[in-house]
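What follows is a short report on a single structure.
Numbering (my numbering), first residue to last: 1 to 224.
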């Protein structure tokens, strides 16, 4: 395992090192101390362990890599992730998984506002609760919440499937509760198992788009 100590090495050197010929290697990042932009833009099947808290935009644009943060993260973790996996052992601030196209993001604690905003194919599993406006304009993928959800969940959503175990403070425009069929129970249980979270799919409710705002209708003008 290769170790980079950020108490004596810059973030630029860390990211440049991870952008080199690193196929299949294992990396440890010590003393992150809340620094921003850690382990961004990786495009290789590597394993990265960050031993502590990370700041803004950790693991952004990830492709192929498996990244674990042993602490909390700031705004925009795994933003625009394409593939691979990102696991946060603590909690995440706003906009976790924003615009992400693929891969798996697991947040073992809570996530702040706008979790999964404009998500485009990523799977996000949150062990705790999420804040307001989560999954706003979510286009594709799945969001699993093992705790509660804040105001305006799924506002203006497209085809994302949202699963929530706890309470939902309010649903956003065009988001409704939907039937939990056998295929949904199966895919949810697979996601929970993949995330390593001991919950039963049958305890969750499913939410999705009512599909009333796909095309402009004058009768719905007030909802746009």
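By construction, the Cβ of each residue, glycine as well, lies at the ideal position given by its N, Cα and C atoms.
Where do the ends of the beta strand (DSSP E) carrying residue i lie?
i          : result
residue 66 : 66-69
residue 87 : 85-88
Give a yes or no on whether the C-beta atoms belonging to residue i and residue j are separated by under 9 Å.
i           : j           : result
residue 194 : residue 104 : yes
residue 142 : residue 163 : yes
residue 90  : residue 32  : no
residue 101 : residue 121 : yes
residue 125 : residue 148 : no
residue 92  : residue 111 : yes
residue 154 : residue 172 : yes
residue 52  : residue 78  : no
residue 182 : residue 192 : no
residue 4   : residue 42  : no
residue 145 : residue 134 : yes
residue 165 : residue 199 : yes
Provide the residue(s) that pair with residue i in DSSP beta bridges, ordered along the chain.
i           : result
residue 208 : 176
residue 5   : 30
residue 43  : 63
residue 219 : According to DSSP, residue 219 bridges with nothing at all.
residue 123 : 104, 142
residue 51  : 30
Count the other C-beta atoms from every protein chain shown that fall within 10 angstroms of the C-beta of residue i, then say buried if there are 16 or more, exposed otherwise.
i           : result
residue 19  : exposed
residue 177 : exposed
residue 95  : buried
residue 219 : exposed
residue 127 : buried
Select from the options the residue whose C-alpha is nearest the C-alpha of residue i.
i           : options          : result
residue 11  : 108, 36, 132, 21 : 36
residue 30  : 83, 2, 61        : 2
residue 84  : 44, 129, 99      : 44
residue 210 : 50, 161, 82, 28  : 161
residue 129 : 206, 109, 117    : 109
residue 50  : 57, 56, 39       : 39
residue 58  : 26, 107, 139     : 107
residue 56  : 62, 69, 46, 73   : 73
In terms of residues, what are the limits of the alpha helix (DSSP H) holding residue i?
i           : result
residue 161 : Per DSSP, residue 161 belongs to no alpha helix (DSSP H); it is in the beta strand (DSSP E), 161-164.
residue 13  : 11-18
residue 38  : Unbroken run through residue 38: none, as it is neither H nor E.
residue 184 : 182-195
Is the CB of residue i under 9 Å away from at least one CB in chain B?
i          : result
residue 76 : Of the chains in the structure shown, none is chain B; there is only one protein chain.
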